[in-house]
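Student:
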Ligand SMILES: Nc1ncnc2c1ncn2[C@@H]1O[C@H](COP(=O)(O)OP(=O)(O)OP(=O)(O)O)[C@@H](O)[C@H]1O
Ligand SMILES: [Mg+2]
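Protein chains in written order, with the UniProt record's numbering: chain A, 1 to 261; chain B, 1 to 271.
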């Protein structure tokens, strides 16, 4: 869900120590349905093993909209600590109660407004035809996408070259780069990767397991190309279509490189 | 408004100090009040190349620490009218440079009417290099035509566009590439990368190509920035680069193998 900081009071004095700028960031909701320490920790651990790239200090909003149980007895700080040890960084609460909000204040969590209701909260939808969001939750790797505000594009567009030593990740969607990716640079996306330039570094699409993800580039000169963990390195890539416009896709477990014509 | 230009590279020994001396001299000779700052704390090279090492009393770190004021530390160049040098300290370590300290000095220089502030960066991507680039409006990325140097330049460009003050404010640092120690004979033999290869990899504007030339070493031993040697190809190439920096359109030279000898001379005469 988007987090909109609408404070744009810009100080024009040159000596200003800071400026407040508007920012719009996709944030993942951690929708907690019930809580039991051992079970919660185990499931989080499993998820992290499945998609390690996602569990890297990733900010999340704890949501209790679907919580089944007594919220007032929930050990919030314990839950937050478990999240932190597994690479999730709770930054705020949503749909909680007054007691929980008090506790949140003590451990410096923000309180998010209830905001837009997600599509799958709409219980009037037909029971037989699963909604898009329910579909997504059936495939754990795509869960994240369903949580994004339908009005904002989950794609990330970069217009400048990605230089050696840089890493760019598009969580929950496609990554579009309107320049080249240098040797020694790494680009990652949960969805597809489009590169309108040469790919000289590493490109990893479908990093959370989406086997239908693809990688497109104007010139294949890559160090590594990977889709949902199935990869080819420089040596194998050089054999065919080197330095030509190609797209990479997955056929069963095999990574295929096909010319773009 | 002063324009802050960092001369940087990542890799060491590619010609940053040679370039800082030449470019700052060139800009000053065109009538702009210019200062060149040596950020290579602990090494001090710039003052030797500019032949003012015996006139150093106070240095950059003294000014940052408030032990001297700018007026006391700035050394007026003997050749170029509008040029001043702010030397590095030989005795301190590079951690003496702080963001606040450097910013204060840059602001003072700008208030003093300096139009161009050239920052000679140390090699690497550590603190000193970071301090030299942090406030830059523009970066001259110096590279030699070889793979490791180009890779380091690419790295520096990435850091520049993500970690500098401008990047933090959502703006871009103007970037350009200066290819130095270029040897067309070796490029023709495939021993070095060509201009086009480097331009393609770095995808950035080419400020100039400085040929490999013995006159550079001679000039630095004599303490005269090579741009003053108007006979030398390196001096001429630096002069062209200064013109481009100041917005003129000048065609690139010294990029292909010179045809030498009788044939060329005859050909020229008949043409
Ligand atoms: N165009 C050139 N032709 C020949 N020699 C050159 C040229 N440019 C630089 N050099 C030589 O290369 C050496 C390194 O140059 P310089 O000190 O300018 O590099 P630097 O990048 O500042 O090095 P450092 O990283 O150590 O600060 C010097 O000996 C210099 O004379
Ligand atoms: Mg140097």
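Just so you know, even glycine gets a beta-carbon here, dropped at the ideal spot from N, CA and C.
Would you call residue 31(B) buried or exposed, if buried means 16 or more other Cβ atoms sit within 10 Å of its Cβ?
Tutor: Working through the second chain from its first residue, we reach residue 31(B) at position 31. Classification of residue 31(B): exposed, given that the 10 Å Cβ count is below 16.
Student: Cβ-heavy atom distance between residue 261(A) and ligand 1 below 7 Å?
Tutor: Translated into positions along the first chain, residue 261(A) becomes position 261. No, Cβ of residue 261(A) sits at least 7 Å from all heavy atoms of ligand 1.
Student: So what does DSSP say about residue 233(A), is it helix, strand or coil?
Tutor: On the first chain, position 233 is the one that residue 233(A) refers to. Residue 233(A): strand per DSSP, three-state reduction.
Student: By DSSP, does residue 239(B) sit in helix, in strand, or in coil?
Tutor: Position 239 of the second chain, counting from 1, holds the residue named residue 239(B). In the structure shown, residue 239(B) sits in a helix (DSSP, three-state: H, G or I).
Student: Just to check my reading of the structure: residue 37(B) and residue 117(B) have Cβ atoms closer than 8 Å, yes? What is that Cβ distance to the nearest angstrom?
Tutor: Here residue 37(B) is taken as the residue at index 37 of the second chain, counted from 1. Here residue 117(B) is taken as the residue at index 117 of the second chain, counted from 1. Indeed they touch by this definition, with Cβ atoms about 7 Å apart.
Student: Taking 8 Å as the CB-CB cut-off, is residue 157(B) touching chain A?
Tutor: In the second chain, residue 157(B) corresponds to position 157, counting from 1. Output row for residue 157(B): interface = yes.
Student: Using alpha carbons as the reference points, say which of 40(B), 239(B), 162(B), 221(B) lies closest to residue 91(B).
Tutor: As a working mapping, residue 91(B) is identified with position 91 in the second chain. The shortest C-alpha separation from residue 91(B) is found at 40(B).
Student: Any contact between the segment 146-162 of chain B and the segment 70-82 of chain B? By contact I mean 3 or more CB pairs, one from each, below 8 Å.
Tutor: no
Student: Would you call the segment 193-212 of chain B in contact with the segment 239-257 of chain B, where contact means no fewer than 3 C-beta pairs closer than 8 Å?
Tutor: Cβ pair count under 8 Å is three or more, so yes.
Student: Which runs of the beta strand (DSSP E) spanning at least 3 residues fall entirely within the segment 90-158 of chain B, listed in chain order?
Tutor: 116-120, 138-143
Student: Can you say whether residue 221(A) is buried or exposed, counting buried as having 16 or more other CB atoms within 10 angstroms of its CB?
Tutor: Here residue 221(A) refers to the residue found at position 221 when the first chain is read from its first residue. Answer is buried; the Cβ neighbour count reaches 16.
Student: Only counting runs of 4 or more residues, tell me where the alpha helix (DSSP H) segments fall wholly within the segment 63-91 of chain B, in order along the chain.
Tutor: 70-73
Student: Since I believe residue 205(B) is in contact with residue 120(B) (beta carbons under 8 Å), could you give me their beta-carbon distance rounded to a whole number of angstroms?
Tutor: Along the second chain, read from residue 1 onward, the residue named residue 120(B) stands at position 120. Along the second chain, read from residue 1 onward, the residue named residue 205(B) stands at position 205. Going by Cβ atoms, the distance from residue 120(B) to residue 205(B) rounds to 21 Å, so no, they are not a contact pair.
Student: Between the segment 132-150 of chain B and the segment 99-106 of chain B, do at least 3 Cβ pairs fall closer than 8 Å?
Tutor: yes
Student: Compare the C-beta of residue 104(B) against all C-beta atoms of chain A and say whether one is closer than 8 Å.
Tutor: Position 104 of the second chain holds residue 104(B). Not an interface residue.
Student: Give me the residue from 158(B), 168(B), 186(B), 177(B) with the minimum Cα distance to residue 20(A).
Tutor: In the first chain, the residue the question calls residue 20(A) occupies position 20. Among 158(B), 168(B), 186(B), 177(B), the Cα nearest to that of residue 20(A) belongs to 168(B).
Student: Which residues share a DSSP beta bridge with residue 94(A)?
Tutor: Position 94 of the first chain, counting from 1, holds the residue named residue 94(A). Its beta-bridge partners are 63(A).
Student: Whole-angstrom Cβ separation of residue 109(A) and residue 55(A), contact assumed at under 8 Å?
Tutor: Residue numbering aside, residue 109(A) sits at position 109 when the first chain is read from its first letter. Residue numbering aside, residue 55(A) sits at position 55 when the first chain is read from its first letter. Wrong, their Cβ atoms sit about 19 Å apart, outside the cutoff.
Student: Closer than 7 Å, Cβ to Cβ, to anything on chain A: give me those residues from the UniProt domain "AAA" (2-156) of chain B, in chain order.
Tutor: 151, 154, 155
Student: Taking its Cβ as the centre, do 16 or more other Cβ atoms sit within 10 Å of residue 202(A), making it buried, or is it exposed?
Tutor: Working through the first chain from its first residue, we reach residue 202(A) at position 202. It counts as buried.
Student: Please find out if some non-hydrogen atom of ligand 1 comes closer than 7 Å to the beta-carbon of residue 150(B).
Tutor: For the purposes of this step, residue 150(B) is taken as residue 150 along the second chain, with counting starting at 1. No - ligand 1 has no heavy atom lying nearer than 7 Å to the Cβ of residue 150(B).
Student: By the criterion of Cβ-Cβ separation under 8 Å, what are the contact partners of residue 162(B) in chain A?
Tutor: Locating residue 162(B) in the second chain gives position 162, where the first residue counts as 1. In chain order: 166.
Student: State the DSSP-derived secondary structure class of residue 13(B), mapped to helix, strand or coil.
Tutor: Your numbering for residue 13(B) matches position 13 in the second chain. Residue 13(B) falls in the coil class under three-state DSSP.
Student: In angstroms, rounded to a whole number, what distance separates the CA positions of residue 49(A) and residue 183(A)?
Tutor: Counted from its first residue, the first chain places residue 49(A) at position 49. Counted from its first residue, the first chain places residue 183(A) at position 183. Each residue's alpha carbon lies about 28 Å from the other.
Student: May I ask whether a heavy atom of ligand 2 can be found less than 7 Å away from the beta carbon of residue 17(B)?
Tutor: Within the second chain, the letter at position 17 stands for residue 17(B). Answer for residue 17(B): yes, Cβ within range of ligand 2.
Student: For residue 249(B) and residue 241(B), what's the separation of their Cα atoms in angstroms?
Tutor: Locating residue 249(B) in the second chain gives position 249, counting from the first residue. Locating residue 241(B) in the second chain gives position 241, counting from the first residue. Approximately 10 Å between the Cα atoms of the pair.
Student: Less than 7 Å separating the Cβ of residue 272(B) from some heavy atom of ligand 1?
Tutor: A question about residue 272(B) goes unanswered here, because the residues of chain B that appear run from 1 up to 271.
Student: Name the two residues that bound the continuous beta strand (DSSP E) containing residue 171(A).
Tutor: Here the question's residue 171(A) lines up with position 171 in the first chain. Segment: none, residue 171(A) is in no beta strand (DSSP E) and carries neither H nor E.
Student: For residue 40(B), is the beta carbon positioned less than 7 Å from some heavy atom of ligand 2?
Tutor: Counting from one through the second chain, the residue named residue 40(B) turns up at place 40. Yes, ligand 2 has a heavy atom inside 7 Å of this Cβ.
Student: For residue 180(B), is the classification buried or exposed, using 16 other Cβ atoms within 10 angstroms of its Cβ as the cut-off for buried?
Tutor: By 1-based counting over the second chain, the position of residue 180(B) is 180. So residue 180(B) ends up on the buried side.
Student: Please classify residue 246(A): is it buried, with 16 or more other beta-carbons within 10 angstroms of its beta-carbon, or exposed?
Tutor: As a first step, residue 246(A) must be located in the first chain, where it is residue number 246. Buried.
Student: Rounded to whole angstroms, what's the CA-CA distance from residue 194(A) to residue 248(A)? Just pull it up for me.
Tutor: Counted from its first residue, the first chain places residue 194(A) at position 194. Counted from its first residue, the first chain places residue 248(A) at position 248. One C-alpha to the other measures close to 10 Å.
Student: Which runs of the beta strand (DSSP E) at least 3 residues long sit entirely within the segment 195-223 of chain A? Give them in chain order.
Tutor: Listed in chain order, they are 202-205, 215-220.
Student: Are the beta-carbon atoms belonging to residue 160(A) and residue 179(A) less than 8 Å from one another?
Tutor: If you number the first chain from 1, residue 160(A) lands on position 160. If you number the first chain from 1, residue 179(A) lands on position 179. Against a cut-off of 8 Å, the Cβ pair of residue 179(A) and residue 160(A) comes out as a contact.
Student: Tell me whether the beta-carbon of residue 29(A) lies closer than 8 Å to the beta-carbon of residue 60(A).
Tutor: Along the first chain, read from residue 1 onward, the residue named residue 29(A) stands at position 29. Along the first chain, read from residue 1 onward, the residue named residue 60(A) stands at position 60. Against a cut-off of 8 Å, the Cβ pair of residue 60(A) and residue 29(A) comes out as a contact.
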